[in-house]
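Numbering (UniProt numbering), first residue to last: 1 to 106. To start, the structure itself, in structure tokens.
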Amino acid sequence: RNQLPPNIQDQMLSHICLKFKTEGLKQQETLNGLPKAIRSSIANYLFFPIVQNVYLFQGVSRNFLFQLVSDIDAEYFPPREDVILQNESPTDLYILVSGAVVSDLD
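Laid out in structure tokens, this is it:
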């Protein structure tokens, strides 16, 4: 109906399917209802082992990493979804945990 290009239609469908499949994996509303100390403990358990192995953060204090992981949100992207667009101002830092990055620069 909207005559969107097939690649955008595929991205939309992939995103909706992934959101449906991962609905139970990201319960941010539930986490936000917990006390900050519990949220921090959960974040440290889930994200600290990942962040401490990121090259960018090598040599920084454990205290800094604990503060950093308390502000991390997990995001899931389906294959071939545009995450960062060329010439777009960055607002987030992404740490790739699994999968691959494909750069399609013109």
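We put the CB at the ideal spot given by N, CA and C, even for glycine. Note that this is a predicted model, so its numbers are computed, not measured.
Between the options, which has its C-alpha nearest residue i's C-alpha?
i: cysteine 17; options: Lys36, Ala43, Ile84 and Phe77; result: Phe77
i: glutamine 86; options: Ser61, Leu105 and Asn63; result: Leu105
i: valine 101; options: Lys19, Ser14 and Pro79; result: Pro79
i: tyrosine 94; options: Glu75, Leu13 and Val60; result: Glu75
i: histidine 15; options: Glu81, Arg62 and Tyr45; result: Glu81
i: valine 45; options: Val69, Gln3, Met12 and Gly99; result: The amino acid at residue 45 is misidentified as valine; the sequence shows tyrosine. Minimum Cα distance to tyrosine 45 is reached at Val69.
Please list, in chain order, all residues of the same chain as residue i whose beta carbon is under 7 Å from its beta carbon, the five residues on each side excluded.
i: glutamine 52; result: Leu65
i: isoleucine 72; result: Ala43 and Phe47
Leaving out five residues before and five after residue i in sequence, what residues of the same chain have Cβ atoms less than 8 Å from its Cβ?
i: isoleucine 50; result: Ile95 and Val97
i: leucine 31; result: Arg39 and Ile42
i: valine 83; result: Phe77 and Tyr94
i: glycine 33; result: none
i: valine 54; result: Ile95
**OP:** Run through the UniProt domain "Cyclic nucleotide-binding" (56 to 101) for me and flag every whole alpha helix (DSSP H) of 4 or more residues, listed as ranges in chain order.
**Re:** 62 to 69
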